[in-house]
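The next block holds one structure in the form of structure tokens; read it before the comments.
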Amino acid sequence: MLLYTGLTRRADDILTEQTRETRSNGDTQASLRQMVNLADQLCEALGRDEIDAFGEILHSGWLEKRKLASGISNGCIDAWYERARAAGAIGGKLLGAGGGGFLLLYADPAYHADICHALPELRPIPFHFCPQGSKVIYVEENGYRP
């Protein structure tokens with residue numbers, strides 16, 4: 009599931025802090041190494057068609073990414089994420105630098121309606137996978153504009 013948070017932010021500030029912490033903080037470096045390890049695990053799990061592992065690995069990545077810089081998440085985003093997990097999402101992540109934008113969640117389709125009901129302030133964005141890569145095919149007049 010892809011949900012638009014309606015929150016906008018300057019990625020520069022988050023990325024500047026993350027770069028500074030990466031250079032000087034051993035814990036941040038360890039989190040980055042763990043995120044690389046999780047990416048490898050994700051690739052292996054998908055290669056074995058263990059799709060539910062995707063959600064668990066996303067959740068582990070969420071926990072690590074939040075350690076990289078203070079602006080990656082906030083109380084509101086954390087509450088949305090926890091409500092989504094309580095409604096059936098296995099894992100998720102903010103796309104991009106963090107601080108807002110889009111929340112990607114992995115959940116069994118049977119829980120999608122429950123998750124949307126638990127997060128009425130977020131806007132579901134339909135998407136499909138295609139072999140050509142990402143492309144915007146329709147944007148509503150009063151909705152999100154990329």
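FYI, in the numbering used here the residues of the sequence shown are 9 to 154. Every residue gets a Cβ at the ideal spot worked out from N, C-alpha and C, and that includes glycine.
| query | result |
| --- | --- |
| Residue 103, DSSP secondary structure in three states | coil |
| Buried versus exposed, by CB contacts within 10 Å (16 or more), residue 54 | exposed |
| One or two residues paired with residue 112 in a DSSP bridge | 10, 101 |
| Helix, strand or coil at residue 134 [DSSP, three-state] | coil |
| Where residue 33 falls: helix, strand or coil (DSSP) | coil |
| Option in 62, 95, 69 with minimal Cα separation from residue 38 | 69 |
| When 65, 88, 32, 136 are compared against residue 108, the one with the closest alpha-carbon | 88 |
| C-alpha distance - residue 57 paired with residue 65, whole-angstrom precision | 14 Å |
| Three-way DSSP call (helix, strand, coil) for residue 42 in this model | helix |
| Close-in-space but distant-in-sequence residues of the same chain around residue 114 (CB under 6 Å, 5 per side omitted) | 62, 63, 66, 98, 99 |
| Element boundaries [alpha helix (DSSP H), containing residue 87] | 83 to 94 |
| Which of helix, strand or coil DSSP assigns to residue 69 | helix |
| Supposed contact pair residue 126 and residue 94 - C-beta distance, whole angstroms, cut 8 Å | 7 Å |
| Residue 126, enclosing alpha helix (DSSP H) - first and last residue | 120 to 126 |
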